[in-house]
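Following: one structure in structure tokens, then a few remarks.
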Amino acid sequence: MTGLESISFLMILQMTIISTMKMNSSPTVSTTAEPLTSAIGIDMRYGIVVFSLFGLAIASTGCSRDAVDVDSSADAGRAIRFEGRCDDATRAVPGDPADGKVPVYWCDGDAVSVACAQATPSVGRYVLTCPDEFSVSASFGSGDSQQWGEGLHDFYAFSPADAPDLEISGDGIVKASLPSVQECRDGLLDPALLYLASAEEGISPGSSVVTLHFRPVVTLLDISFAASEATEVRQIVVRSTQAGEKLAGTFVYDLGADRLGRVDGGSNVVAVRMLQSDGTPGVKLAAGESCRAIAVVLSQSSFVGLRVDVVTAAGVAGRSCAEPLVGGKRYAIELGALPAMNDAARRKLYASWMSYLPDDALLSALSIPGTHDAATSTLNLWSKCQSLSLGAQLNAGVRCFDLRPTGTDDLMIYHGTSTGVTFDEAIAAMDRYLAACPSEGCIVQMQRQGDAGNDATFRSRMGDYLNSSSAYRDRFVDFRPDLTLGELRGKILVLTRSDYDGALVGGKIASWQDDVTDQISSIVNGSASAKLFIQDKYGGTTGIDNKKNAIIAYLDKARGKAESEWLFNFTSLATAVVTTPKTNARTLNPATCDYLKAHPGCTGVVMMDFAGDTDVSGDELLRAIIDQNFYCHLPCVR
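In terms of my numbering, the sequence shown opens at residue 275 and continues consecutively.
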């Protein structure tokens with residue numbers, strides 16, 4: 275006998291009934307913390323499916339996989355050979371329930387990694403050949419050939435073999451990454467996220483058959499709902515309500531113990547982007563039309579509490595789950611009919627929009643609305659660049675603030691004249707908001723304004739404030755090129771254009787030329803550095819058409835920049851005395867908004883005048899910037 279020539283297997287998911295209680299349905303979706311199992315109106319007898327996968331049989335055969343030589347045994351040193359076609363695609367998918375079972379279909383090209391410390395080599399990658407398009411059986415292809423060794427063997431298998439960052443050792447320890455940003459096209463699961471594993475220990479080299487019993491190392495949340503009005507669904511968000519409970523990220527799993535180990539970095543949020551069949555973002559629903567999405571999360575021993583939210587073009591609605599869910603199963607979550615979206619649903623979305631994004635999202639890759647001369651709501655026509663106070667801006671969704679303190683003892687913020695707001699009072703407003711909304715984070719772009727005081731006082735007072743005297747010192751976070759949203763939550767990142775005494779807090783913008791259309795600079799902190807693009811052409815001779823072109827060019831640049839590069843795009847313009855910042859915003863805000871809606875993508879940080887002001891489309895532009903985080907792909911750290 276020359277070894278194994280083929281392999282077949284059967285994988286089936288078995289339905290387990292865990293409850294016989296029929297729940298009453300609710301016509302609207304509550305935003306209070308109600309259990310999914312009692313408040314979403316589903317019959318839990320059909321709500322949970324347990325993955326019970328079995329029957330991967332490795333048999334010694336001749337040329338045909340149907341002809342089994344039961345007399346053969348594999349001696350130490352003999353190669354286990356497999357034949358078949360090689361294809362890098364991984365397409366194992368769950369089928370529809372039938373007779374209380376949910377099959378897992380394998381397709382040509384599905385890949386499995388098999389690890390065994392006693393075999394040579396210890397890890398092999400095998401690609402499957404199937405008899406038909408969707409099959410529960412398949413043959414192993416001619417991947418990495420492994421040989422039997424001495425003594426009893428422990429076999430560990432993982433599928434798909436092409437999972438991100440996959441490492442599998444002969445002792446059954448797996449490392450892989452489950453992405454926190456997932457995609458759902460036409461309501462279908464991304465098959466590459468169906469992570470399956472097997473552990474069979476103490477197998478004799480003389481065995482003619484090795485059976486691998488597969489089980490899931492992820493949990494599927496099958497979410498369905500209906501639209502009560504015509505709407506566009508952009509994203510389904512699953513959040514853990516427990517601190518430290520990670521739903522996605524780079525994880526370690528012990529296959530022998532069937533236990534999730536550490537999760538590096540990771541996210542307590544999984545965001546499922548809703549796509550049409552052609553890949554276009556956003557799923558449009560008519561009134562009464564149903565929608566379905568599947569989110570894949572890491573299998574904890576149990577989930578203490580989850581929240582499911584549906585982000586639409588008009589707002590957000592969802593429901594919390596207070597009861598624990600057991601990991602490694604498939605849950606059917608029926609949200610019922612979404613309520614009609616109103617102003618409250620819209621305000622809720624934008625007031626805490628960061629809460630609907632993954633922790634491991636790169637901060638540099640976010641689309642962030644900011645305000646130029648943020649503290650000027652109290653000033654007159656020619657110095658006034660904002661209508662809303664800092665607190666109102668935060669509630670509207672602004673997350674980056676241009677603050678310009680002077681070299682006075684109280685670090686008063688000026689724009690031609692005193693705003694009546696000190697730097698400390700501005701930071702205090704952010705502190706209050708972050709205490710109420712810890713999922714959010716703030717960025718301050720700061721420079722010394724030369725209208726009052728002197729440089730020496732500024733250096734001394736600002737250095738003392740940031741390093742020791744501020745009551746909010748614990749709010750400040752230091753800059754890194756790979757800073758994530760999770761690391762910014764509840765924090766303030768100060769990026770200064772002006773030097774001050776003492777240690778650098780946050781980051782320093784290395785250079786910032788005055789009145790430029792396009793500048794390349796950098797943000798630094800010690801040896802950490804990231805490239806920064808700046809468009810801040812504001813001069814009175816620029817002309818509004820040239821300014822509009824500069825803004826649009828930087829929206830295009832933001833879509834093409836590297837994920838770790840930063841970009842500031844100012845829409846503000848100061849022209850002659852006959853016009854005011856608001857006059858210019860009345861033209862530039864809607865023009866920027868219209869272009870962004872027609873050309874969606876990452877915007878970087880957009881610093882605007884009159885954010886949230888309905889008079890000059892400041893509310894529409896602010897929302898359009900935030901929407902890009904739900905509408906377009908969001909890069910995350912792995």
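Positions of the beta carbon are idealized from the N, C-alpha and C atoms, including for glycine.
Name the two residues that bound the continuous alpha helix (DSSP H) containing residue i.
i           : result
residue 828 : 818 to 834
residue 870 : 855 to 872
residue 761 : 759 to 762
residue 903 : 892 to 905
residue 736 : 729 to 738
residue 400 : Where residue 400 is concerned, there is no enclosing alpha helix (DSSP H), although the beta strand (DSSP E) it sits in stretches over 397 to 403.
residue 623 : 617 to 625
Just checking my contact of residue i with residue j at CB under 8 angstroms: how many whole Å lie between their CB atoms?
i           : j           : result
residue 837 : residue 564 : Actually they are not in contact, since the Cβ atoms of residue 837 and residue 564 sit about 35 angstroms apart, beyond 8 angstroms.
residue 569 : residue 512 : 5 angstroms
residue 503 : residue 614 : 5 angstroms
residue 496 : residue 593 : Their Cβ separation, rounded to whole angstroms, is 15 angstroms, which puts residue 496 and residue 593 out of contact at 8 angstroms.
residue 841 : residue 831 : 7 angstroms
residue 797 : residue 753 : 6 angstroms
residue 733 : residue 774 : 5 angstroms
residue 700 : residue 677 : 5 angstroms
residue 809 : residue 792 : 6 angstroms
Excluding the 5 residues flanking residue i on each side, which residues of the same chain have their C-beta closer than 7 angstroms to its C-beta?
i           : result
residue 442 : 387, 389, 397, 430, 432 and 448
residue 631 : 543, 545, 759, 903 and 908
residue 911 : 539, 634, 636, 756 and 758
residue 361 : Residue placement at residue 361 is flagged as unreliable, the pLDDT there being 39, under the threshold of 50; a coordinate-derived value is accordingly withheld.
residue 712 : 763 and 764
residue 393 : 420, 421, 422, 423 and 427
residue 684 : 696
residue 737 : 774, 775 and 776
residue 787 : 793
With a threshold of 8 angstroms on Cβ separation, who are the neighbours of residue i within its own chain once the five nearest residues in sequence on each side are excluded?
i           : result
residue 478 : 426 and 427
residue 896 : 624, 643, 670, 671, 672, 882, 885 and 886
residue 867 : 891, 894, 895 and 898
residue 525 : 449, 450, 451, 452, 534, 535, 536, 537, 538, 540 and 572
residue 870 : 829, 877, 895, 898, 899 and 902
Can you find a heavy atom of the ligand ZN that lies under 7 angstroms from the Cβ of residue i?
i           : result
residue 611 : Absence of the ligand ZN is noted for the structure shown, with no ligands found whatsoever.
Excluding the 5 residues flanking residue i on each side, which residues of the same chain have their C-beta closer than 6 angstroms to its C-beta?
i           : result
residue 982 : Because the chain spans 275 through 912 in this model, residue 982 falls outside it and cannot be assessed.
residue 424 : 350
residue 729 : 681
residue 337 : Because the pLDDT at residue 337 is just 22, under 50, the model does not fix this residue reliably, and the point stays unresolved.
residue 627 : 671 and 900
residue 659 : 646, 647, 650, 855 and 883
residue 839 : 805
residue 476 : 426
residue 727 : 680, 681 and 682
residue 746 : 701 and 705
residue 379 : 367, 369 and 408
Please state whether the Cβ-Cβ distance between residue i and residue j is less than 8 angstroms.
i           : j           : result
residue 643 : residue 900 : yes
residue 784 : residue 755 : no
residue 687 : residue 584 : no
residue 501 : residue 560 : yes
residue 719 : residue 769 : yes
residue 581 : residue 515 : yes
residue 845 : residue 641 : no
residue 499 : residue 610 : yes
residue 647 : residue 689 : yes
residue 854 : residue 655 : yes
residue 750 : residue 716 : no
residue 465 : residue 367 : yes
residue 914 : residue 777 : In this structure the chain extends from 275 to 912, so residue 914 is not present and cannot be described.
residue 861 : residue 818 : yes
residue 590 : residue 619 : yes
residue 547 : residue 457 : yes
Can you give me the start and stop residues for the beta strand (DSSP E) that residue i sits inside?
i           : result
residue 603 : 603 to 611
residue 470 : 470 to 477
residue 581 : 580 to 586
residue 750 : Looking at the DSSP string, residue 750 is not in any beta strand (DSSP E), and its letter there is neither H nor E.
residue 573 : Per DSSP, residue 573 belongs to no beta strand (DSSP E) and is neither H nor E.
residue 846 : Counting along the chain, residue 846 falls outside any beta strand (DSSP E), and DSSP gives it neither H nor E.
residue 912 : Counting along the chain, residue 912 falls outside any beta strand (DSSP E), and DSSP gives it neither H nor E.
Notebook entry, point to check: What are the uninterrupted segments assigned as beta strand (DSSP E) that are 3 or more residues long and contained completely in the segment 421 to 467, given in chain order?
Noted result: 427 to 433, 447 to 452 and 455 to 459
Margin query: Give the list of continuous alpha helix (DSSP H) stretches no shorter than 4 residues that lie fully inside the segment 481 to 559.
Written below: none
Next item on the list: Jot down the residue ranges of each uninterrupted alpha helix (DSSP H) in the segment 767 to 816, minimum 4 residues, whole runs only, in chain order.
Entry: none
Next item on the list: Run through the segment 631 to 702 for me and flag every whole alpha helix (DSSP H) of 4 or more residues, listed as ranges in chain order.
Entry: 664 to 670
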